[in-house]
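Q: The structure under discussion is supplied below as structure tokens; questions concerning it will follow.
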Amino acid sequence: MANSTGKNLLDQRRKKQAFLDELRQFHQARGSPFKKIPVVGGKELDLGALYVRVVSLGGFAKVSEKNQWGELGEDFNFPRSCSNAAFALKQYYLRYLEKYEKVHHFGEDDDESQPGNPKASLPLGAIPSSYNYQQHVVSDYLRQSYGLSTDFVAPCDYNKLVLSLLSGLPNEVDFAVNVCTLLSNESKHAMQLDKDPKLVTLLLAHAGVFDDSLGSFSGVFGTDWKEKTSRDFVRFWKEVVDDTEVRELLWDRTSPAPEGKANVKLLASNRTCLRFLLLCAHCSLISLRQLGLDTLGNVAAELCLDPIDFRTTHLIFHTITKCLMSRDRFLKMRAMEILGNLSKVEDNGVLICEYVDQDSYREVMLLLTLPDLMLLMASLEVLYLLAQLGEVPCSKISSVEHSIDLLVRLVSIDLHTFGPDALTAVRLIEHQANAEQAAEVRPQLVEQVPAAAPGAPAPVTRVSGQPSQPPQVSSNLMGRNLPCNG
Numbered sequence: 005m006a007n008s009t010g011k012n013l014l015d016q017r018r019k020k021q022a023f024l025d026e027l028r029q030f031h032q033a034r035g036s037p038f039k040k041i042p043v044v045g046g047k048e049l050d051l052g053a054l055y056v057r058v059v060s061l062g063g064f065a066k067v068s069e070k071n072q073w074g075e076l077g078e079d080f081n082f083p084r085s086c087s088n089a090a091f092a093l094k095q096y097y098l099r100y101l102e103k104y105e106k107v108h109h110f111g112e113d114d115d116e117s118q119p120g121n122p123k124a125s126l127p128l129g130a131i132p133s134s135y136n137y138q139q140h141v142v143s144d145y146l147r148q149s150y151g152l153s154t155d156f157v158a159p160c161d162y163n164k165l166v167l168s169l170l171s172g173l174p175n176e177v178d179f180a181v182n183v184c185t186l187l188s189n190e191s192k193h194a195m196q197l198d199k200d201p202k203l204v205t206l207l208l209a210h211a212g213v214f215d216d217s218l219g220s221f222s223g224v225f226g227t228d229w230k231e232k233t234s235r236d237f238v239r240f241w242k243e244v245v246d247d248t249e250v251r252e253l254l255w256d257r258t259s260p261a262p263e264g265k266a267n268v269k270l271l272a273s274n275r276t277c278l279r280f281l282l283l284c285a286h287c288s289l290i291s292l293r294q295l296g297l298d299t300l301g302n303v304a305a306e307l308c309l310d311p312i313d314f315r316t317t318h319l320i321f322h323t324i325t326k327c328l329m330s331r332d333r334f335l336k337m338r339a340m341e342i343l344g345n346l347s348k349v350e351d352n353g354v355l356i357c358e359y360v361d362q363d364s365y366r367e368v369m370l371l372l373t374l375p376d377l378m379l380l381m382a383s384l385e386v387l388y389l390l391a392q393l394g395e396v397p398c399s400k401i402s403s404v405e406h407s408i409d410l411l412v413r414l415v416s417i418d419l420h421t422f423g424p425d426a427l428t429a430v431r432l433i434e435h436q437a438n439a440e441q442a443a444e445v446r447p448q449l450v451e452q453v454p455a456a457a458p459g460a461p462a463p464v465t466r467v468s469g470q471p472s473q474p475p476q477v478s479s480n481l482m483g484r485n486l487p488c489n490g
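Per the working numbering: the sequence shown = residues 5 to 490.
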């Protein structure tokens with residue numbers, strides 16, 4: 005029994021080798037020799053068995069017509085996970101066996117091997133110098149015939165940056181981040197985030213702030229790549245952010261989809277980006293905190309706050325209050341900038357009126373007493389914007405002790421009293437009134453003396469005794485009248 009089995013195996017090997025020798029001679033005669041047998045699943049493809057199987061089904065044309073290449077792939081060591089097994093098997097047969105089948109099975113003449121039509125030797129193992137992308141192009145006519153979509157996404161260079169960030173390859177990621185850094189600087193080639201909003205989400209994911217509503221980035225960037233890249237951003241944020249409430253922003257629970265057209269609008273509407281900026285604003289690293297607060301101030305004018313039960317909204321007011329009450333000049337100015345820009349969005353008025361407490365108004369009023377021109381201008385600016393929201397902010401402003409007296413005194417302040425060094429940060433512009441404005445103002449400033457008796461001196465025009473106002477400041481801060489109650 006064992007001897008018969010061994011003889012059968014030996015006969016099969018001899019037949020297989022004889023077929024390969026004959027096939028090699030056939031291709032040698034045609035001018036298309038080959039040396040290596042294609043390998044599938046770690047084993048050489050049995051060209052003899054493939055030829056017999058295809059011929060038994062009617063030949064190459066029949067198998068292709070009935071789309072039976074996928075069924076044949078299971079018999080020739082193709083892995084089940086190989087999605088292009090049918091295509092690969094068909095190409096192998098077309099390259100090695102299709103001409104052999106025509107001549108030896110169907111008895112057709114091999115016209116290409118005739119002396120009058122010589123065929124140059126083709127190195128089958130050679131690698132083409134360029135990839136033939138046209139093989140993937142399907143015409144619109146064929147797409148419509150087979151019911152395929154003809155609505156394609158317009159090609160965009162930003163897609164390449166997205167793919168580089170998605171790849172996780174160190175060189176690709178570094179390249180994409182460097183390109184984004186260059187584009188984010190002020191230049192003629194400005195970054196246009198609206199062309200691919202996923203770019204913001206991926207950049208934030210590489211910093212450890214994830215938006216899982218768009219995919220499993222936290223599983224890939226935060227878990228799978230942590231060991232390979234030696235970057236644990238969860239631990240990093242826990243080490244540099246002391247505020248426990250802000251730490252919870254690492255885990256997203258409510259993340260609406262990003263919207264917007266311009267960069268500022270897109271960043272303001274991206275709640276994942278907002279969480280990242282709040283983490284930076286509470287970071288112990290000075291440079292990171294400064295960048296976070298600066299960016300928050302820039303996007304606040306386009307930020308429409310969510311209801312107060314959203315964690316991000318609650319923490320924005322928490323950040324403003326914390327910065328206002330700090331002893332750091334930079335933090336105070338950024339807090340007033342963020343609060344003032346939030347006041348410019350009409351829908352934020354109700355939340356600001358309710359959740360900016362009286363202590364914050366008192367702190368802003370106290371800053372008006374300091375001999376610091378930049379703090380003075382920032383305080384007046386935020387008070388002016390808050391007062392435009394209506395009765396509630398005006399009442400809170402007037403409730404601060406001596407607030408009205410202080411604001412009235414600031415109307416006639418002379419900026420030169422702050423010294424020459426302070427004026428270097430401010431640009432003074434004297435506004436010249438036109439003729440119409442002068443005609444309207446003159447009756448208010450000029451007082452006519454009653455006519456004198458005959459023989460008396462001519463009447464003299466007397467200017468009102470009110471003090472003249474110094475040149476106004478261009479930022480419309482010093483000449484504004486704050487509406488207030490009381």
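For each residue, glycine too, the CB sits at the ideal point set by N, CA and C.
Using three-state DSSP, classify C160 as helix, strand or coil.
A: Against the sequence shown, residue 160 aligns to sequence position 156. Reduced to three states, the DSSP call for C160 is coil.
Q: Between which two residues does the alpha helix (DSSP H) harbouring R315 extend?
A: To locate residue 315, count along the sequence shown from 1; it is residue 311. First-last of the alpha helix (DSSP H) with R315: R315 to L328.
Q: Could you check where the alpha helix (DSSP H) with P174 kicks off and where it finishes?
A: Locating residue 174 in the sequence shown gives position 170, where the first residue counts as 1. Unbroken alpha helix (DSSP H) run through P174: P174 to S188.
Q: Measuring CA to CA, which of F156, L419, D409 and V58 is closest to L370?
A: For the purposes of this step, residue 370 is taken as residue 366 along the sequence shown, with counting starting at 1. Among F156, L419, D409 and V58, the Cα nearest to that of L370 belongs to D409.
Q: Would you tell me roughly how many angstroms separate the C-alpha atoms of T276 and Y359, rounded to the nearest one?
A: Counting from one through the sequence shown, the residue named residue 276 turns up at place 272. Counting from one through the sequence shown, the residue named residue 359 turns up at place 355. Their backbone Cα atoms lie some 23 Å apart in a straight line.
Q: Helix, strand or coil, according to DSSP, for E26 in the structure here?
A: Locating residue 26 in the sequence shown gives position 22, counting from the first residue. In the structure shown, E26 sits in a helix (DSSP, three-state: H, G or I).
Q: Does the pairing of the segment 13-28 with the segment 58-66 give three or more beta-carbon distances under 8 Å?
A: No contact exists between the segment 13-28 and the segment 58-66.
Q: At what residue ranges does the segment 16-64 contain a whole run of the alpha helix (DSSP H), taking only runs of 4 or more?
A: For the segment 16-64, whole alpha helix (DSSP H) runs of length 4 or above, ordered along the chain, are 51-60.
Q: Taking only three categories from DSSP, how would you classify V142?
A: The residue given as residue 142 occupies position 138 in the sequence shown. Reduced to three states, the DSSP call for V142 is coil.
Q: Along the alpha helix (DSSP H) that carries G77, what are the first and last residues, could you check?
A: Working through the sequence shown from its first residue, we reach residue 77 at position 73. Per DSSP, G77 belongs to the alpha helix (DSSP H) from W73 to G77.
Q: Could you tell me the alpha carbon to alpha carbon distance between H322 and L387, rounded to whole angstroms?
A: In the sequence shown, counting from the first residue as 1, residue 322 sits at position 318. In the sequence shown, counting from the first residue as 1, residue 387 sits at position 383. The straight-line gap from Cα to Cα measures roughly 19 Å.
Q: Run through DSSP, which three-state label would V245 get?
A: For the purposes of this step, residue 245 is identified with residue 241 of the sequence shown, where counting begins at 1. Of the three classes helix, strand and coil, the one that applies to V245 here is strand, per DSSP.
Q: With a 10 Å radius around its C-beta and 16 neighbouring C-beta atoms as the bar for buried, classify E78 as buried or exposed.
A: On the sequence shown, position 74 is the one that residue 78 refers to. Exposed, because fewer than 16 other Cβ atoms sit within 10 Å of the Cβ of E78.
Q: Could you pull the DSSP bridge partners for C287 from this structure?
A: Here residue 287 refers to the residue found at position 283 of the sequence shown. Its beta-bridge partners are V245.
Q: Does the segment 337-348 come within contact of the segment 376-394, defined as at least 3 CB pairs closer than 8 Å?
A: Touching, yes, given that three or more Cβ pairs across the two stretches are closer than 8 Å.
Q: Under three-state DSSP, which class holds C357?
A: Residue 357 sits at position 353 when you count from the first residue of the sequence shown. Helix at C357.
Q: Going by DSSP in three states, E112 sits in which element: helix, strand or coil?
A: Residue mapping note: residue 112 aligns to position 108 of the sequence shown, counting from 1. Coil, per DSSP.
Q: Using the beta-carbon count (16 or more within 10 Å), is Y365 buried or exposed?
A: Taking the sequence shown and counting its residues from 1, one reaches residue 365 at position 361. By the neighbour-count rule (16 or more Cβ atoms within 10 Å), Y365 is buried.
Q: Helix, strand or coil: how does DSSP classify D155 here?
A: Your numbering for residue 155 matches position 151 in the sequence shown. Residue state, collapsed to three classes: coil.
Q: For V415, count the other beta carbons within 10 Å of its own beta carbon; 16 or more makes it buried, fewer makes it exposed. Which is it?
A: Working through the sequence shown from its first residue, we reach residue 415 at position 411. With fewer than 16 other Cβ atoms within 10 Å, it is exposed.
Q: To the nearest angstrom, report how far apart Y150 and V141 are at their CA atoms.
A: Here residue 150 corresponds to residue number 146 of the sequence shown, with the count starting at 1. Here residue 141 corresponds to residue number 137 of the sequence shown, with the count starting at 1. About 14 Å.
Q: In the DSSP assignment, the alpha helix (DSSP H) including S347 goes from what residue to what residue?
A: Taking the first residue of the sequence shown as 1, we reach residue 347 at position 343. Per DSSP, S347 belongs to the alpha helix (DSSP H) from R333 to S347.
Q: With a cut-off of 8 Å, do at least 3 Cβ pairs link the segment 35-45 to the segment 82-99?
A: Judged by Cβ distances under 8 Å, the segment 35-45 makes contact with the segment 82-99, as three or more pairs qualify.
Q: What span of residues does the alpha helix (DSSP H) with I408 cover, start to end?
A: The sequence position of residue 408 within the sequence shown is 404, counting from 1. Where I408 is concerned, the enclosing alpha helix (DSSP H) stretches over S407 to L414.
Q: Only counting the same chain, and skipping five residues up and downstream in sequence, which positions put a Cβ closer than 8 Å to that of I356?
A: By one-based count along the sequence shown, residue 356 stands at place 352. Excluding residues within five positions, the ones whose Cβ falls inside 8 Å are L343, L346, S347, L390, L393 and P397.
Q: Would you call the segment 330-337 and the segment 305-316 in contact, with 3 or more CB pairs under 8 Å?
A: Counting Cβ pairs under 8 Å, fewer than three are found: no touch.
Q: Mapping the DSSP letters down to three states, classify R294 as helix, strand or coil.
A: Position 290 of the sequence shown, counted from the start, is the residue given in the question as residue 294. Note that residue 294 corresponds to Gln in the displayed sequence, not to Arg. Q294 falls in the helix class under three-state DSSP.
Q: Are the beta-carbon atoms of V177 and L187 separated by less than 8 Å?
A: Within the sequence shown, residue 177 is the residue found at index 173, counting from 1. Within the sequence shown, residue 187 is the residue found at index 183, counting from 1. Their beta carbons are not under 8 Å apart, which means V177 does not touch L187 by this criterion.
Q: Identify which residue in D198, G353, S288 and G172 has its Cα closest to the Cα of A272.
A: The residue you call residue 272 lines up with position 268 of the sequence shown. Residue D198 is the option with its Cα nearest to A272.
Q: Pull up the distance between the alpha-carbon of V204 and that of H210, whole angstroms please.
A: Within the sequence shown, numbered from 1, the residue matching residue 204 stands at position 200. Within the sequence shown, numbered from 1, the residue matching residue 210 stands at position 206. Distance between the alpha carbons of V204 and H210 is about 10 Å.
Q: To the nearest angstrom, report how far apart L282 and R413 are at their CA atoms.
A: For this step, residue 282 is matched to residue 278 along the sequence shown. For this step, residue 413 is matched to residue 409 along the sequence shown. Going by the C-alpha atoms only, they are around 37 Å apart.
Q: With distances taken Cα to Cα, identify the nearest neighbour of R57 among N175, M337 and E75.
A: By one-based count along the sequence shown, residue 57 stands at place 53. Checking every option, the nearest Cα to that of R57 belongs to E75.
Q: Would you tell me roughly how many angstroms separate the C-alpha atoms of N189 and M340, rounded to the nearest one?
A: If you number the sequence shown from 1, residue 189 lands on position 185. If you number the sequence shown from 1, residue 340 lands on position 336. The alpha-carbon atoms of N189 and M340 are separated by roughly 26 Å.
Q: Can you check which of these residues, L289, H109, R293 and V368, is closest to H406 by C-alpha distance?
A: As a first step, residue 406 is located in the sequence shown; it is residue number 402 there, counting from the start. For H406, the nearest C-alpha among the options comes from V368.
Q: List the endpoints of the continuous alpha helix (DSSP H) containing M378.
A: The sequence position of residue 378 within the sequence shown is 374, counting from 1. First-last of the alpha helix (DSSP H) with M378: L377 to A391.
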